[in-house]
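Novice: Encoded as structure tokens, here's the structure I'll be asking about.
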Amino acid sequence: MNKQPGTRGLIFNEPQLWEKSREGRCAVSLPKADVERAEIAPHLMGDAPGLPQLSELDVVRHYTRLSQWNFGVDSGMYPLGSCTMKYNPKTNEVQAARQGFAGAHPLAGKEFSQGALKLMYDLEQALGEITGFPAVTLQPAAGAHGELAGMLMIHAYHAKKGKQRSKIIIPDTAHGTNPASASLCGYESVNIKSGEKGILEPATVAAVMDEDTAGIMITNPNTLGLFEENIREICDIVHAKGGLVYGDGANMNAIMGIVKPGDLGIDVLHLNLHKTFSTPHGGGGPGSGPVSVVKELIPFLPVPRIEKNRDGKDLSSYKFVTDCPDSIGRLHTFYGHFGVMIKAYSYILSMGGKGLREASQLAVLNANYIKESLKGTLNLPYDRPCMHECVFNDKYQQENHITTMDMAKRLLDYGFHPPTIYFPLVVDAAFMVEPTETESKEDIDQFIDAVKAIAKEAKLDPEKLKKAPLLTKVTRLDEVTAARKPCLRG
Ligand SMILES: *Cc1c(COP(=O)(O)O)cnc(C)c1O
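What the sequence shown shows, in my numbering, is residues 425 to 914, in sequence order.
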């Protein structure tokens, strides 16, 4: 047990900066003014802003201590299913901080931005190659924004054909953003159930697909961590009725270099650079959700598009094109989150095609190792080989009245960020683990041991589990009150 990463030891208390403030304490030393002091008329002066007065060391300790209350992939395993919380290689940060990139300005004009444009163009090409599509836009700021872009393109495609449609098919395993994106485009969601094997049956799709349905949104691998094996047949059914297939590529980490979604019949697909392509996620910074499309959808891509004129190296080789009459328009100021693109490009180049394929193979191996190691400890509703993540639930613990929530909270005491819980909705009280390829066997074994230890506690000391976490800065919160009446003032 003492091998667990754990959270014992020094957890610093830290008051607000105002409480540490002392009159006259100061962390800056400005040079003497070289101009005469001017008095400001009293009626022009407002009240002093009341900033805390602190030394440099006070400030450094304050923020260092606060940072230690946080948990991130740099501090430990973060097995949040569907989110692909893989390690963010530091070389990506080095590349993004290079003077030429960090100092670039979006208004500088193409003569001064050829390198940045080339990087974006090459990244589009690389993502097109990985996903199997002829064109990509880098503009969307996240996966959900990519979904919106894709749905707008599907909408524009049907409008151009002369007949708008009103519905989109969405399976029960879909991420909540899927129906939300469809709804933003005015589509009504038609929900369908996955079959017994945890994947879609073609007959279920055929039963609802009609000529008023614009298409289907499919996540493959799906959020149960299972590959949608009937994808080709499903695409054929949707295409036969004039619909299009939206692919949610958030789980691309399982299939890089192995399957190209473009080869499966998918028409438009988003990626999450902050998942599959190792750029920071969540509180770590902005995301990016590039979208790949088939040839028929290229005219609808957002503007600006990047074009390469000649192979030559003159200052007009790469340029933006905005003259695209069928485009859905602009989705972001300037060209999306360029800093994120640099990091993803750095990742792709440093991994190479072979490295990306190996990353996916290892991600799948790690998830299957966890699935097999924990399947006697936690209930495994779909006992089949999984892709990059596996989904358990609390069925075995119910006799002791211990829930997925109790076990997830207790994991914090063992020093792990909990997995995704209560999603996907198809599994009651889901406990969804995605280790990613970047965790070592030793770290994965520690996680497995921690879950086993918690399952034992569920039998021997359920009362304690109900109160977990016990060692963290804040213990069990009243979730409903925390959500409804958040206390934002500490
Ligand atoms: C993360 C995720 C999304 C949404 O992506 P964001 O980048 O968080 O907007 C959509 N679908 C699935 C399956 C996801 O895991």
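Ideal Cβ positions, reconstructed from N, Cα and C, are used throughout, including at glycine.
What does DSSP give as the partner residues of residue 719 in its beta bridges?
Specialist: Answer by DSSP bridge pairing: none, since residue 719 is not bridged.
Novice: So who's on the other strand from residue 844, going by DSSP bridges?
Specialist: Partner(s): 856.
Novice: With distances taken between CB atoms, is the gap from residue 597 to residue 676 smaller than 9 Å?
Specialist: Taking 9 Å as the Cβ cut-off, residue 597 and residue 676 do not qualify as a contacting pair.
Novice: Taking its Cβ as the centre, do 16 or more other Cβ atoms sit within 10 Å of residue 758, making it buried, or is it exposed?
Specialist: Under this definition residue 758 is an exposed residue.
Novice: Flag residue 571 as yes when its Cβ comes closer than 8 Å to any non-hydrogen atom of ligand 1, and as no otherwise.
Specialist: Because some heavy atom of ligand 1 lies under 8 Å away, the Cβ of residue 571 counts as near it: yes.
Novice: So, for residue 480: in the same chain, excluding its five sequence neighbours on each side, which residues have a beta-carbon less than 8 Å away from its beta-carbon?
Specialist: Around residue 480: 451.
Novice: Quick one, what's near ligand 1 if you take every residue whose CB is closer than 7 Å to any heavy atom, in chain order?
Specialist: So the residues near ligand 1 by this Cβ test are 506, 507, 566, 567, 568, 569, 571, 599, 601, 602, 643, 647, 672, 674, 675, 696, 698, 699, 711 and 713.
Novice: State the start and end residues of the unbroken beta strand (DSSP E) segment that holds residue 560.
Specialist: That run of the beta strand (DSSP E) goes 559 to 561.
Novice: Which value, in whole angstroms, describes the spacing of the CA atoms of residue 513 and residue 713?
Specialist: One C-alpha to the other measures close to 19 Å.
Novice: Once DSSP output is grouped into helix, strand and coil, what is the label at residue 595?
Specialist: If DSSP states are grouped into helix, strand and coil, residue 595 belongs with the strands.
Novice: Compute the beta-carbon to beta-carbon distance between residue 719 and residue 558, rounded to the nearest angstrom, for a pair I have assumed lies under 8 Å.
Specialist: Confirmed, Cβ separation roughly 6 Å.
Novice: Between the C-alpha atoms of residue 636 and residue 662, what's the straight-line distance to the nearest angstrom?
Specialist: Rounded to the nearest angstrom, the two C-alpha atoms are 11 Å apart.
Novice: CA-CA distance, residue 674 and residue 509?
Specialist: Near 12 Å, if we compare the C-alpha coordinates of residue 509 and residue 674.
Novice: Suppose you measure from the CA of residue 741 to the CA of residue 733; what does that come to, to the nearest Å?
Specialist: Cα to Cα, residue 741 sits roughly 5 Å from residue 733.
Novice: Where does residue 654 fall in DSSP's three states?
Specialist: Of the three classes helix, strand and coil, the one that applies to residue 654 here is coil, per DSSP.
Novice: Once DSSP output is grouped into helix, strand and coil, what is the label at residue 814?
Specialist: If DSSP states are grouped into helix, strand and coil, residue 814 belongs with the strands.
Novice: Less than 9 Å between the beta carbons of residue 648 and residue 848, yes or no?
Specialist: The answer is yes: Cβ separation under 9 Å.
Novice: With a Cβ-Cβ cutoff of 9 Å, do residue 567 and residue 694 count as a contact?
Specialist: Going by C-beta atoms, residue 567 is nearer than 9 Å to residue 694.
Novice: Can the beta-carbon of residue 643 be found less than 9 Å from the beta-carbon of residue 687?
Specialist: No; because the gap between Cβ atoms is not below 9 Å, this pair is not in contact.
Novice: Output the residue ranges of the beta strand (DSSP E) runs that lie fully inside the segment 608 to 696 and measure 3 residues or longer, sorted by chain position.
Specialist: Those beta strand (DSSP E) runs which fall completely within the segment 608 to 696 and span 3+ residues are 612 to 616, 637 to 643, 668 to 672 and 692 to 694.
Novice: Is the beta carbon of residue 698 sitting closer than 9 Å to the one on residue 681?
Specialist: No, these two residues do not count as a Cβ contact at 9 Å.
Novice: Does chain B have any CB closer than 9 Å to the CB of residue 551?
Specialist: Judged by its chain identifiers, the structure shown contains no chain B, having just a single protein chain.
Novice: Measuring CA to CA, which of 715, 773, 546 and 478 is closest to residue 447?
Specialist: When only C-alpha atoms are compared, the closest one is 478.
Novice: Could you check if residue 436 is buried or exposed, using at least 16 other CB atoms within 10 Å of its CB as the buried criterion?
Specialist: By the 10 Å Cβ count, residue 436 comes out exposed.
Novice: Do you know how far the Cα of residue 564 is from the Cα of residue 756?
Specialist: Answer to the nearest angstrom: the Cα atoms are 7 Å apart.
Novice: At which residues does the beta strand (DSSP E) containing residue 745 begin and terminate?
Specialist: Element bounds for residue 745: 742 to 745.
Novice: Given a cut-off of 9 Å, decide if residue 904 and residue 854 are closer than it, judged by their beta-carbon atoms.
Specialist: It is not a contact, given that the beta carbons lie outside the stated cut-off.
Novice: Taking DSSP as the reference, what is the three-state secondary structure of residue 464?
Specialist: Note: residue 464 maps to coil in three-state DSSP.
Novice: Can you tell me the Cα-Cα spacing of residue 771 and residue 516, whole angstroms?
Specialist: So the two alpha carbons sit approximately 6 Å from each other.
Novice: Following the continuous beta strand (DSSP E) through residue 731, name the residue where it begins and the one where it ends.
Specialist: Note, residue 731: beta strand (DSSP E), 729 to 732.
Novice: What's the C-alpha gap between residue 685 and residue 658?
Specialist: Whole-angstrom Cα-Cα distance: 13 Å.
Novice: Curious, which full-length alpha helix (DSSP H) runs of at least 4 residues does the segment 466 to 493 contain?
Specialist: As far as the segment 466 to 493 is concerned, its whole alpha helix (DSSP H) runs of at least 4 residues are 480 to 493.
Novice: Between the segment 578 to 585 and the segment 715 to 730, are three or more C-beta pairs nearer than 8 Å?
Specialist: Output reads yes: the segment 715 to 730 touches the segment 578 to 585.
Novice: Exposed or buried, what is residue 766 when buried is set at 16 or more other beta-carbons lying within 10 Å of its beta-carbon?
Specialist: With 16 or more other Cβ atoms within 10 Å, it is buried.
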